[in-house]
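S.K.:
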């Protein structure tokens, strides 16, 4: 695989994958060992670490590339098998890594994160079985809604629910659980669409 010979949409997708470990490094880098003090900013009664701001900026950039690579691929007829393979993997690596990090640090409860990762694993397995039989199911409205809700949730959590926290509105919590519900419903949608292929050998 030669990165330089890839078309632009595929390069952007690869960039999204490469941004994921950078976000992990932002969270786990041993700043204190190197004597690096991380500033914290205060907005009313809400404190926000510079690390959260940096991670949020990287995540926002990565999320934008999710739109950009697909747009360019469709507009310039640059859709490739490699792009179709890597794009959903890049999305799940990005979103699931952030959710796992936030659960590890106790920022969000583990239950909705576990449910969403279960859903992704099961849907990937169902799609793989269906593809072996020549059946392809495109992402439906619920799947796209799930992704949008997840990305908004991650941004809000990284920003400590600002600006809503200033008004006592638990919007990030609502978005997190809404993401889980949308994730489950979209998983049910895939199962309904593919059940004949999944259950045919029972």
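Numbering (this note's numbering), first residue to last: 1271 to 1472. All C-beta atoms, glycine included, are put in the ideal place defined by N, C-alpha and C. Just so we're clear, the structure is a prediction, and the values are computed from it rather than from any experiment.
(1) Since residue 1304 contacts residue 1396 with CB under 8 Å, what's their CB separation in whole angstroms?
(2) Contact between the stretch 1423-1433 and the stretch 1354-1363: three or more CB pairs below 8 Å?
(3) On the premise that residue 1342 lies in contact with residue 1278, defined as a C-beta separation below 8 Å, what is that separation, rounded to the nearest angstrom?
(4) Determine, using beta-carbon pairs with one atom in the stretch 1444-1463 and one in the stretch 1345-1353, whether at least three such pairs fall under 8 Å.
(5) Could you tell me the distance, in whole angstroms, from the CA atom of residue 1310 to the CA atom of residue 1433?
(6) Return yes when the Cβ of residue 1430 is within less than 9 Å of the Cβ of residue 1316, no when it is not.
(7) Per DSSP, residue 1312 forms a beta bridge with which residues?
(8) Do residue 1412 and residue 1456 have their beta-carbon atoms positioned less than 9 Å apart in this structure?
(9) My understanding is that residue 1290 touches residue 1363, with C-beta atoms under 8 Å, so please give their C-beta distance in whole angstroms.
(10) Work out the CA separation of residue 1444 and residue 1284 for me, nearest whole Å.
(11) Pick out whichever of 1280, 1420, 1302 and 1288 has its Cα sitting closest to the Cα of residue 1450.
(12) What alpha helix (DSSP H) runs, 4 residues minimum, are completely inside the stretch 1404-1452?
(13) Alpha carbons only, please: which of 1376, 1369, 1464 and 1336 is nearest the one belonging to residue 1385?
(14) For the alpha helix (DSSP H) that residue 1283 lies in, which residues bound it at each end?
(15) Judging by CA-CA distance, which residue of 1437, 1418, 1410 and 1399 is the nearest neighbour of residue 1468?
(16) Look up residue 1368 in the DSSP assignment and say whether it is helix, strand or coil.
(17) Spatial neighbours of residue 1322 within its chain, please: CB distance less than 8 Å, with the 5 preceding and 5 following residues excluded, ordered by chain position.
M.R.: With the structure as the only source:
(1) At roughly 46 Å, the Cβ-Cβ gap does not stay under 8 Å, so residue 1304 and residue 1396 are not in contact.
(2) no
(3) 6 Å
(4) no
(5) 16 Å
(6) yes
(7) 1317
(8) yes
(9) 5 Å
(10) 32 Å
(11) 1420
(12) 1411-1428
(13) 1369
(14) 1278-1298
(15) 1399
(16) helix
(17) 1428, 1429 and 1430
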